[in-house]
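What follows is a short report on a single structure.
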Amino acid sequence: MDTTQLLKGVLDAAVLAVVEAEDGYGYDVVRRLRSQGLDDVGDASVYGTLRRLYADGALTSYVVPSASGPHRKYYGITAHGRQVLAIQRKEWQEFAVTVGGVLGTRNEAA
Amino acid sequence: MTTDDTTTTAAPGAMLAAHVRGYAQAVRLHLADLGPEVTEDLTGGLESDLTEALADAAPVATRAGEPQDDVVLDLTAYFGTAEGYATELRSAAGLPPAGPPGRRRSGLRDEAAAWWSGQREQWTGLLEPVASTRQWGTVRDVARDLRPVWWLARGWLVGMLVIAWFGQDYVGLLPTSGPVGLVPTDQTQLVVLAVGAFVSFQWGRGRWLPTGWRLPVAVATSALAILLLPAALGETKTQILYGALDNDGGFAAGYQAGQDDARSTAQAVSYGGAPGDDGVWVDGMQVSNLFAFDANGDPIKDVQLYDDRGRPVRTVTESRATDVWEVPQTEGPWYFRPATATDGRERWNVYPLRALPETGVEWGADGMAPVVGVQPQTMPWPFLKAPVSIEPDDGTAPEPTPSQEPSQPSDDDASRDGEPSEAPASGTTDLPRPGPTAVIDASRQP
Numbered sequence: 020m021d022t023t024q025l026l027k028g029v030l031d032a033a034v035l036a037v038v039e040a041e042d043g044y045g046y047d048v049v050r051r052l053r054s055q056g057l058d059d060v061g062d063a064s065v066y067g068t069l070r071r072l073y074a075d076g077a078l079t080s081y082v083v084p085s086a087s088g089p090h091r092k093y094y095g096i097t098a099h100g101r102q103v104l105a106i107q108r109k110e111w112q113e114f115a116v117t118v119g120g121v122l123g124t125r126n127e128a129a
Numbered sequence: 090m091t092t093d094d095t096t097t098t099a100a101p102g103a104m105l106a107a108h109v110r111g112y113a114q115a116v117r118l119h120l121a122d123l124g125p126e127v128t129e130d131l132t133g134g135l136e137s138d139l140t141e142a143l144a145d146a147a148p149v150a151t152r153a154g155e156p157q158d159d160v161v162l163d164l165t166a167y168f169g170t171a172e173g174y175a176t177e178l179r180s181a182a183g184l185p186p187a188g189p190p191g192r193r194r195s196g197l198r199d200e201a202a203a204w205w206s207g208q209r210e211q212w213t214g215l216l217e218p219v220a221s222t223r224q225w226g227t228v229r230d231v232a233r234d235l236r237p238v239w240w241l242a243r244g245w246l247v248g249m250l251v252i253a254w255f256g257q258d259y260v261g262l263l264p265t266s267g268p269v270g271l272v273p274t275d276q277t278q279l280v281v282l283a284v285g286a287f288v289s290f291q292w293g294r295g296r297w298l299p300t301g302w303r304l305p306v307a308v309a310t311s312a313l314a315i316l317l318l319p320a321a322l323g324e325t326k327t328q329i330l331y332g333a334l335d336n337d338g339g340f341a342a343g344y345q346a347g348q349d350d351a352r353s354t355a356q357a358v359s360y361g362g363a364p365g366d367d368g369v370w371v372d373g374m375q376v377s378n379l380f381a382f383d384a385n386g387d388p389i390k391d392v393q394l395y396d397d398r399g400r401p402v403r404t405v406t407e408s409r410a411t412d413v414w415e416v417p418q419t420e421g422p423w424y425f426r427p428a429t430a431t432d433g434r435e436r437w438n439v440y441p442l443r444a445l446p447e448t449g450v451e452w453g454a455d456g457m458a459p460v461v462g463v464q465p466q467t468m469p470w471p472f473l474k475a476p477v478s479i480e481p482d483d484g485t486a487p488e489p490t491p492s493q494e495p496s497q498p499s500d501d502d503a504s505r506d507g508e509p510s511e512a513p514a515s516g517t518t519d520l521p522r523p524g525p526t527a528v529i530d531a532s533r534q535p
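Have a look at this one:
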């Protein structure tokens, strides 16, 4: 199954969760998402999502001077972002349970 | 972190940075329609992110056994095309997609297109109450059916511009004073106009033009034709008012006369013809009779006149021999009569011409004939003596010449019946061709 389609629905929540754990800049967020198993996530998708969440007020941003290379724009989660994340977590868990019930528990790989 | 791997050598690092900048710039270009602020929001720090992502990815490629430089430099291998990258950024950020692919416009064209569609919407809205009626639909159908007529007409009009441009003495974009009418004046013009109409017709049908050219060419041709229409109509109206279209000389003659009138500063005073017609003309006015004076200024009668090609000089042409003429210093119209040569033929190039009064002729089945007993009269001379005397070439005083024997050549040619005069009185020896017959005094003719 094409996981990129599934990813689209939960990318907001995933990005919020990653930033909630620790502030990060664009590629840093991409790297952490991938390291946690979301290998198919696209760089541009993450950057676009960060920008949209920032525009919605779920994220804040600040620039960190860097000794080697250009300054980095870090993103941190806002109070509003935490609320949004909480709602999305709840929705996702309910959705996952529902879909799990529909699909059944039989393991196709076995 | 493997950043150090790519920065240990300066040259690949600099090359990489350049490629990253180029890729980032290409991405920004695809986002340009969002405005600089949003673009900066989306792509701020993009170079750093790209560089870092490449640094992470490079060892993987190296492990795959590919030459690192090539892999590093081909950024699209990692990130896809700049356009795709931009599209992903856009959609993830919840921004509207760019225009349809392949139809990206430059800023100016974009603005023009926006203005055009705005205008169009506005007018469509204004016309809505009219445009929604059934009658409007009929009008539109008729207009659509009449399009081929317009295709022909616009080709015709543009053909007129071509004629005005290339065919006349002057060149002008505005043919208001030019001879551009709706009616061709000769066959060449007719051909040009017909070809113009046909080409335009073919264009209208979508033939003979590359697809992309059809609309611009159609708009340009139609606009040009509409601009030309008032001038063409005005000129045609002028032509009709002057009667150039229906006089017996035909349009071409009238047109030519108009041209000549416009060119000559002195207005022609004509008796019905025009400069260029048969006859003799002086200062735009037709000559009815000629009077010769010798070197002393004395009048000479019965002078035969030829031009330098040996053609008889005729003031009264064949076609006007039976016309009446007004003669200065006399009453009433006159019929000019030719002199008669010894062989009996009429000679119209013997001057001064004599004339019959209007009452002295009668018209019969054979045409005009003098009334029995009426002789042609001499016409009054403009001067009894010419205002100037001419110094002869040899310096001797000129011999007065009796008017009874005017300009008699040294040979007695009158008795030789058709033999050429060897030399005129001036002593010139070379005559271009044999002279004509001798002349009997016109007054002695029956």
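Taken in sequence, the protein lines are chains A and B. As numbered in our numbering, residues 20 to 129 make up the first sequence, in order. As numbered in our numbering, residues 90 to 535 make up the second sequence, in order. Note that the Cβ used here is the ideal one computed from N, Cα and C, for glycine as well.
| Check | Outcome |
| --- | --- |
| Cβ neighbours of valine 65 of chain A in the same chain (closer than 8 Å, five flanking residues each side left out) | Leu30, Val34, Gly45, Val48, Val49, Leu52 |
| Residue(s) in a DSSP beta bridge with isoleucine 96 of chain A | A/Leu78 |
| Alpha-carbon spacing of serine 515 of chain B relative to aspartate 396 of chain B, whole angstroms | Its pLDDT being 48, under 50, serine 515 of chain B is placed unreliably by the model, and nothing is read from it. |
| Local Cβ density within 10 Å of alanine 232 of chain B, reported as buried at 16 or more and exposed below that | exposed |
| Delimiting residues of the alpha helix (DSSP H) encompassing proline 427 of chain B | Segment: none, proline 427 of chain B is in no alpha helix (DSSP H) and carries neither H nor E. |
| Residue span of the beta strand (DSSP E) that contains asparagine 376 of chain B, given as start and end | According to the sequence shown, residue 376 of chain B is valine rather than asparagine. Element bounds for valine 376 of chain B: 374 to 376. |
| Glycine 453 of chain B versus valine 460 of chain B - alpha carbon distance | 11 Å |
| Sequence-distant residues of the same chain with beta carbon closer than 7 Å to valine 103 of chain A, five excluded per side | Leu35, Ala77 |
| Contact set between lysine 109 of chain A and chain B, taken where Cβ atoms lie within less than 9 Å | Result: empty, since nearest Cβ-Cβ is about 22 Å, beyond 9 Å. |
| For isoleucine 389 of chain B, three-class secondary structure by DSSP | strand |
| For glutamate 435 of chain B, the residue or residues it bridges with in DSSP | B/Thr429 |
| Exposure of glutamate 113 of chain A, with buried meaning 16 or more beta-carbon neighbours within 10 Å | exposed |
| Nearest residue (CA-CA) to glutamate 126 of chain B, options A/Arg70, A/Leu57, A/Ala115 | A/Arg70 |
| Beta carbon proximity, tyrosine 112 of chain B to chain A, threshold 9 Å | no |
| Cutoff 8 Å; reference tryptophan 225 of chain B; Cβ partners in own chain excluding five residues on either side | Val219 |
| Neighbouring residues, chain A, relative to alanine 142 of chain B (Cβ below 9 Å) | Tyr46, Val49, Arg50, Asp62 |
| Per-residue DSSP class, three states only, for tryptophan 370 of chain B | strand |
| 8 Å Cβ cut-off: residues of chain B touching threonine 68 of chain A | Ala181, Ala182 |
| Chain A residues whose Cβ lies nearer than 8 Å to that of aspartate 138 of chain B | Tyr44, Gly45, Tyr46, Val49, Asp62, Tyr66 |
| Any chain A beta carbon closer than 9 Å to threonine 170 of chain B | no |
| C-alpha distance - proline 156 of chain B paired with aspartate 163 of chain B, whole-angstrom precision | The predicted model places proline 156 of chain B with a pLDDT of 46, which falls under 50 and marks its position as unreliable; any figure quoted below should be read in that light. Near 11 Å, if we compare the C-alpha coordinates of aspartate 163 of chain B and proline 156 of chain B. |
| Test item: CB-CB of glycine 541 of chain B and proline 441 of chain B under 9 Å | With chain B covering only 90 through 535, there is no way to say anything about residue 541 of chain B. |
| C-beta neighbour in chain A for alanine 301 of chain B, strict 9 Å | The sequence given here has glycine at residue 301 of chain B, not alanine. False, the Cβ-Cβ gap to chain A never drops below 9 Å. |
| Residue burial classification, isoleucine 315 of chain B (beta-carbon count within 10 angstroms, cutoff 16) | exposed |
| Check whether alanine 181 of chain B and alanine 115 of chain B have beta carbons under 9 Å apart | no |
| Beta-carbon spacing of alanine 444 of chain B, glutamine 466 of chain B below 9 Å | yes |
| Threonine 128 of chain B versus glycine 120 of chain A - alpha carbon distance | 43 Å |
| Contact between the stretch 236 to 254 of chain B and the stretch 288 to 295 of chain B (3+ Cβ pairs under 8 Å) | yes |
| Selection from A/Thr22, A/Leu57, A/Val116 that minimises the alpha carbon distance to valine 37 of chain A | A/Leu57 |
| Interface flag, glycine 134 of chain B vs chain A, CB-CB below 9 Å | yes |
| Beta-carbon proximity of alanine 321 of chain B to leucine 235 of chain B, cut-off 9 Å | no |
| Whole-number beta carbon distance between threonine 404 of chain B and glycine 368 of chain B, since they are thought to touch under 8 Å | 6 Å |
| Straight-line Cα distance separating glycine 285 of chain B from proline 237 of chain B | 14 Å |
| Opening and closing residue of the beta strand (DSSP E) in which leucine 445 of chain B lies | 443 to 446 |
| Test: arginine 71 of chain A CB closer than 9 Å to a CB of chain B | yes |
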